[in-house]
Amino acid sequence: RDKITDHPAYKDLHLIIIGDEIHRHPAVRLAVMHSRVDQRVRFLGFVPIDTLRVFYQSAAVFAFPSLYEGFGLPPLEAMAAGTPVVTSNVSSLPEVVGDAAVIVNPENVFDIARGLREALVEEELRRRLIEKGYRQVRRFSWERTASEVLEVYREVARGLGES
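The number in the working numbering is simply the position in the sequence shown, starting from 1, with 1 added.
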(Lines of atoms letter the chains of each structure in order from A and count residues from 1; the text may use other names and numbers.)
(Lines give C-alpha, C1' and ligand atoms only; values in the text may rest on other atoms or scores of the structure.)
Protein backbone atom coordinates (compact mmCIF):
# COMPACT_ATOMS: atom_id res chain seq x y z
CA ARG A 1 0.00 0.00 0.00
CA ASP A 2 1.22 3.44 -0.88
CA LYS A 3 1.48 5.90 1.97
CA ILE A 4 0.00 9.34 1.49
CA THR A 5 3.31 10.82 2.66
CA ASP A 6 5.10 9.01 -0.20
CA HIS A 7 3.32 11.32 -2.64
CA PRO A 8 5.62 14.32 -3.25
CA ALA A 9 2.82 16.86 -2.90
CA TYR A 10 1.96 15.60 0.58
CA LYS A 11 5.29 14.75 2.20
CA ASP A 12 4.73 17.55 4.73
CA LEU A 13 1.07 16.71 5.36
CA HIS A 14 -0.40 17.58 8.78
CA LEU A 15 -3.67 16.62 10.45
CA ILE A 16 -5.48 19.51 12.11
CA ILE A 17 -8.33 18.48 14.43
CA ILE A 18 -10.76 21.33 15.10
CA GLY A 19 -13.67 21.37 17.53
CA ASP A 20 -14.37 21.05 21.23
CA GLU A 21 -15.69 17.49 20.94
CA ILE A 22 -12.17 16.04 20.94
CA HIS A 23 -11.84 16.92 24.64
CA ARG A 24 -14.42 14.20 25.35
CA HIS A 25 -12.01 11.63 23.91
CA PRO A 26 -8.68 11.91 25.76
CA ALA A 27 -7.67 8.48 24.45
CA VAL A 28 -7.35 9.97 20.96
CA ARG A 29 -4.89 12.62 22.12
CA LEU A 30 -2.97 9.97 24.10
CA ALA A 31 -2.80 7.64 21.09
CA VAL A 32 -1.42 10.45 18.93
CA MET A 33 1.18 11.37 21.57
CA HIS A 34 2.48 7.79 21.51
CA SER A 35 2.48 7.44 17.72
CA ARG A 36 5.07 8.10 15.01
CA VAL A 37 2.95 10.95 13.66
CA ASP A 38 2.59 13.02 16.83
CA GLN A 39 4.56 15.92 15.30
CA ARG A 40 2.12 16.04 12.36
CA VAL A 41 -1.11 16.25 14.40
CA ARG A 42 -2.51 19.41 16.02
CA PHE A 43 -5.59 19.68 18.25
CA LEU A 44 -6.99 23.21 18.03
CA GLY A 45 -10.33 22.97 19.83
CA PHE A 46 -12.84 25.71 19.03
CA VAL A 47 -11.91 28.25 16.34
CA PRO A 48 -13.96 31.32 15.28
CA ILE A 49 -15.88 31.08 12.00
CA ASP A 50 -13.53 33.46 10.15
CA THR A 51 -10.55 31.32 11.13
CA LEU A 52 -12.47 28.17 10.24
CA ARG A 53 -12.99 29.51 6.70
CA VAL A 54 -9.22 29.89 6.32
CA PHE A 55 -8.73 26.27 7.38
CA TYR A 56 -11.39 25.09 4.90
CA GLN A 57 -9.72 27.02 2.08
CA SER A 58 -6.19 25.89 2.84
CA ALA A 59 -6.94 22.22 3.58
CA ALA A 60 -5.79 19.58 1.11
CA VAL A 61 -8.84 17.53 2.15
CA PHE A 62 -11.62 17.85 4.75
CA ALA A 63 -12.24 14.68 6.74
CA PHE A 64 -15.57 14.38 8.57
CA PRO A 65 -15.90 10.77 9.81
CA SER A 66 -18.83 11.62 12.09
CA LEU A 67 -20.79 8.82 13.75
CA TYR A 68 -23.94 10.95 13.98
CA GLU A 69 -24.91 14.22 12.40
CA GLY A 70 -28.19 16.10 12.43
CA PHE A 71 -27.62 17.75 9.06
CA GLY A 72 -23.95 17.93 8.15
CA LEU A 73 -23.13 21.55 7.44
CA PRO A 74 -19.31 21.29 7.81
CA PRO A 75 -18.85 19.14 4.67
CA LEU A 76 -20.88 21.69 2.68
CA GLU A 77 -18.78 24.53 4.09
CA ALA A 78 -15.63 22.71 2.98
CA MET A 79 -17.11 22.10 -0.48
CA ALA A 80 -17.97 25.80 -0.77
CA ALA A 81 -14.28 26.53 -0.10
CA GLY A 82 -13.22 24.20 -2.93
CA THR A 83 -11.88 21.48 -0.65
CA PRO A 84 -12.41 17.77 -1.40
CA VAL A 85 -14.45 16.01 1.31
CA VAL A 86 -14.21 12.56 2.90
CA THR A 87 -17.22 11.83 5.10
CA SER A 88 -19.29 9.13 6.78
CA ASN A 89 -21.82 6.77 5.29
CA VAL A 90 -24.16 7.35 8.27
CA SER A 91 -27.00 9.64 9.23
CA SER A 92 -27.83 12.47 6.81
CA LEU A 93 -24.31 12.80 5.42
CA PRO A 94 -24.62 10.69 2.23
CA GLU A 95 -27.74 12.63 1.26
CA VAL A 96 -26.15 15.99 2.09
CA VAL A 97 -22.94 15.41 0.11
CA GLY A 98 -24.44 13.36 -2.73
CA ASP A 99 -21.76 12.15 -5.14
CA ALA A 100 -19.52 15.12 -4.31
CA ALA A 101 -17.51 13.38 -1.55
CA VAL A 102 -15.67 10.17 -0.81
CA ILE A 103 -17.97 8.18 1.49
CA VAL A 104 -16.39 5.97 4.19
CA ASN A 105 -17.39 3.78 7.11
CA PRO A 106 -16.59 5.96 10.17
CA GLU A 107 -16.06 2.88 12.33
CA ASN A 108 -13.37 1.43 10.06
CA VAL A 109 -10.01 3.19 10.28
CA PHE A 110 -8.77 1.42 7.14
CA ASP A 111 -11.76 2.68 5.15
CA ILE A 112 -11.16 6.22 6.41
CA ALA A 113 -7.48 5.92 5.40
CA ARG A 114 -8.53 4.65 1.96
CA GLY A 115 -10.86 7.61 1.48
CA LEU A 116 -8.23 10.11 2.55
CA ARG A 117 -5.62 8.56 0.28
CA GLU A 118 -7.98 8.62 -2.72
CA ALA A 119 -9.01 12.24 -2.12
CA LEU A 120 -5.42 13.37 -1.61
CA VAL A 121 -3.52 11.45 -4.28
CA GLU A 122 -5.89 10.72 -7.18
CA GLU A 123 -5.77 13.99 -9.12
CA GLU A 124 -8.74 13.26 -11.41
CA LEU A 125 -10.89 12.32 -8.41
CA ARG A 126 -9.81 15.51 -6.58
CA ARG A 127 -10.79 17.62 -9.58
CA ARG A 128 -14.21 15.91 -9.83
CA LEU A 129 -14.86 16.21 -6.08
CA ILE A 130 -14.11 19.93 -6.12
CA GLU A 131 -16.29 20.52 -9.20
CA LYS A 132 -19.18 18.42 -7.87
CA GLY A 133 -18.78 20.02 -4.43
CA TYR A 134 -19.43 23.49 -5.83
CA ARG A 135 -22.58 22.16 -7.55
CA GLN A 136 -23.76 20.32 -4.43
CA VAL A 137 -23.45 23.42 -2.25
CA ARG A 138 -25.77 25.37 -4.57
CA ARG A 139 -28.55 22.89 -3.73
CA PHE A 140 -28.52 24.18 -0.13
CA SER A 141 -28.77 27.97 -0.38
CA TRP A 142 -30.79 29.86 2.24
CA GLU A 143 -32.96 31.31 -0.53
CA ARG A 144 -33.79 27.88 -1.90
CA THR A 145 -34.50 26.50 1.57
CA ALA A 146 -36.77 29.44 2.41
CA SER A 147 -38.62 29.00 -0.88
CA GLU A 148 -39.15 25.28 -0.24
CA VAL A 149 -40.37 25.89 3.33
CA LEU A 150 -42.75 28.58 2.07
CA GLU A 151 -44.15 26.15 -0.49
CA VAL A 152 -44.76 23.55 2.25
CA TYR A 153 -46.62 26.17 4.30
CA ARG A 154 -48.75 27.05 1.26
CA GLU A 155 -49.61 23.38 0.70
CA VAL A 156 -50.59 23.00 4.36
CA ALA A 157 -52.71 26.17 4.18
CA ARG A 158 -54.44 24.90 1.02
CA GLY A 159 -55.10 21.58 2.76
CA LEU A 160 -56.59 23.34 5.78
CA GLY A 161 -58.81 25.40 3.49
CA GLU A 162 -60.23 22.21 1.94
CA SER A 163 -61.25 20.75 5.33
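Note that beta-carbon positions come from the ideal geometry of N, C-alpha and C, so glycine has one too. This one's a predicted model, so the numbers in the text were calculated from it and none came from an experiment.
Could you give the first and the last residue of the continuous beta strand (DSSP E) run that contains residue i?
{"i": "A64", "result": "63–65"}
{"i": "T52", "result": "Unbroken run through T52 is the alpha helix (DSSP H), 50–59; no beta strand (DSSP E)."}
{"i": "L16", "result": "16–19"}
{"i": "V122", "result": "Element bounds for V122: not the beta strand (DSSP E) but the alpha helix (DSSP H), 110–122."}
{"i": "V105", "result": "103–105"}
{"i": "V38", "result": "Per DSSP, V38 belongs to no beta strand (DSSP E) and is neither H nor E."}
{"i": "V86", "result": "86–89"}
What is the rounded straight-line gap between the Cα of residue i and the Cα of residue j?
{"i": "P107", "j": "S92", "result": "11 Å"}
{"i": "F111", "j": "H24", "result": "24 Å"}
{"i": "A158", "j": "M34", "result": "59 Å"}
{"i": "G46", "j": "G162", "result": "51 Å"}
{"i": "F44", "j": "F65", "result": "15 Å"}
{"i": "E96", "j": "G134", "result": "13 Å"}
{"i": "S36", "j": "K12", "result": "17 Å"}
{"i": "S142", "j": "A32", "result": "39 Å"}
Just to confirm the assignment, what range does the alpha helix (DSSP H) spanning residue i have?
{"i": "F44", "result": "Run containing F44: none in the alpha helix (DSSP H); it sits in the beta strand (DSSP E), 42–46."}
{"i": "T146", "result": "143–163"}
{"i": "V97", "result": "94–98"}
Between residue i and residue j, how many whole angstroms is the CB-CB distance? I'm expecting something under 8 Å.
{"i": "V122", "j": "L77", "result": "No, V122 and L77 are not in contact; Cβ-Cβ is about 24 Å, not under 8 Å."}
{"i": "A120", "j": "V62", "result": "5 Å"}
Quick one: is residue i buried, meaning 16 or more other Cβ sit within 10 Å of its Cβ, or exposed?
{"i": "T52", "result": "exposed"}
{"i": "S89", "result": "buried"}
{"i": "A102", "result": "buried"}
{"i": "T84", "result": "buried"}
{"i": "P27", "result": "exposed"}
If you check the beta carbons only, do residue i and residue j fall under 8 Å apart?
{"i": "V86", "j": "V98", "result": "yes"}
{"i": "A82", "j": "R54", "result": "yes"}
{"i": "L94", "j": "G73", "result": "yes"}
{"i": "I19", "j": "V42", "result": "no"}
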